[in-house]
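A.B. asks: One rule links them: number in my numbering = place in the sequence shown (from 1) + 6.
All residues carry an ideal CB built from backbone N, CA and C; glycine is no exception.
One structure follows; several queries about it will come next.
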Amino acid sequence: MSAIEQNLQQVTARISATARECGRDPGEISLLAVSKTKSVEAIEEAIAAGQRAFGENYVQEGVEKIHYFQQRKFIPPLSWHFIGPLQSNKSRLVAEHFHWLHTLDRLQLAQRLNHQRPEESAPLNVLIQINISGEESKSGIMPDRLPELAAAVAELPRLRLRGLMAIPAVESDYQRQLAVFQRMASLFNGLRRQFPQADTLSLGMTGDMAAAIAAGSTLVRIGTAIFGARDYGAPTA
């Protein structure tokens with residue numbers, strides 16, 4: 007058994023155990039393997055262990071990986087998620103190649119993606135990013151802007167509004183983590199009342215996964231616990 011396969015088993019077991027402790031069905035929670043800066047060989051190991059959903063932060067790096075794997079017919083098929091800040095001049099690459107965008111934060115970008123999404127492709131699944139901690143250095147919209155943006159995005163035919171995502175300020179205390187995630191869960195529940203198709207709350211990484219699951223996350227983004235420390239010498243395009 008490879009180290010990555012072992013890590014995936016441990017992460018999956020931790021997700022299941024945490025969900026059961028909270029009275030949740032583990033099947034409600036999806037695992038997104040954050041593969042940014044990781045080699046195709048490492049991703050191949052994860053695929054061999056059964057992982058199918060991968061998250062990339064850098065557009066060009068992600069597109070190169072998608073091209074590498076697209077000739078191989080995996081069952082179930084691979085799902086590629088763009089989870090980094092997206093510049094408008096890179097939007098076409100995301101629209102044409104990825105299945106999900108987690109970081110939608112402005113209507114102009116949504117309109118570009120809608121126009122650029124190929125007609126032969128299924129609509130691009132999008133999550134609106136919330137700046138839940140109010141950090142000036144973080145992407146995402148303030149919570150009070152959510153209703154207006156969500157309503158506009160829901161009208162775009164080549165996009166599919168699936169829910170919300172957040173990257174809160176780093177916090178080591180579990181109760182403080184939980185309080186922030188519960189605010190996100192409240193926003194998500196409000197969104198679902200207006201848009202029943204919204205089914206995804208992308209919250210939680212290696213250091214705060216337990217609190218995210220307790221609050222109601224349906225998708226956790228795990229990189230370090232699966233692949234090990236990241237190589238930040240990789241391209242940042």
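#1: Just to confirm, are residue 170 and residue 113 a CB contact at a threshold of 7 Å?
#2: Whole-angstrom Cβ separation of residue 116 and residue 162, contact assumed at under 8 Å?
#3: Using DSSP with H/G/I as helix, E/B as strand and the rest coil, what is residue 120?
#4: Taking the alpha-carbon positions, what's the residue 63 to residue 92 distance?
#5: Starting from residue 39, trace the beta strand (DSSP E) in both directions and tell me its first and last residue.
#6: I'd like to know whether the C-beta atoms of residue 21 and residue 35 end up nearer to each other than 7 Å.
#7: Reducing DSSP to helix, strand and coil, say where residue 243 ends up.
#8: Nearest to residue 41 by CA position, among 88, 110, 79, is which residue?
#9: Please report how far the alpha carbon of residue 44 lies from the alpha carbon of residue 199, in whole angstroms.
C.D. replies: Straight from the coordinates:
#1: no
#2: 6 Å
#3: helix
#4: 9 Å
#5: 36-40
#6: Less than 7 Å separates the beta-carbon of residue 21 from that of residue 35.
#7: Bear in mind that a pLDDT of 40 at residue 243, under 50, signals an unreliable position, so the number given afterwards is only what the model happens to contain. Here residue 243 sits in coil by DSSP.
#8: For the set 88, 110, 79, the Cα lying nearest the Cα of residue 41 is the one of 88.
#9: 38 Å
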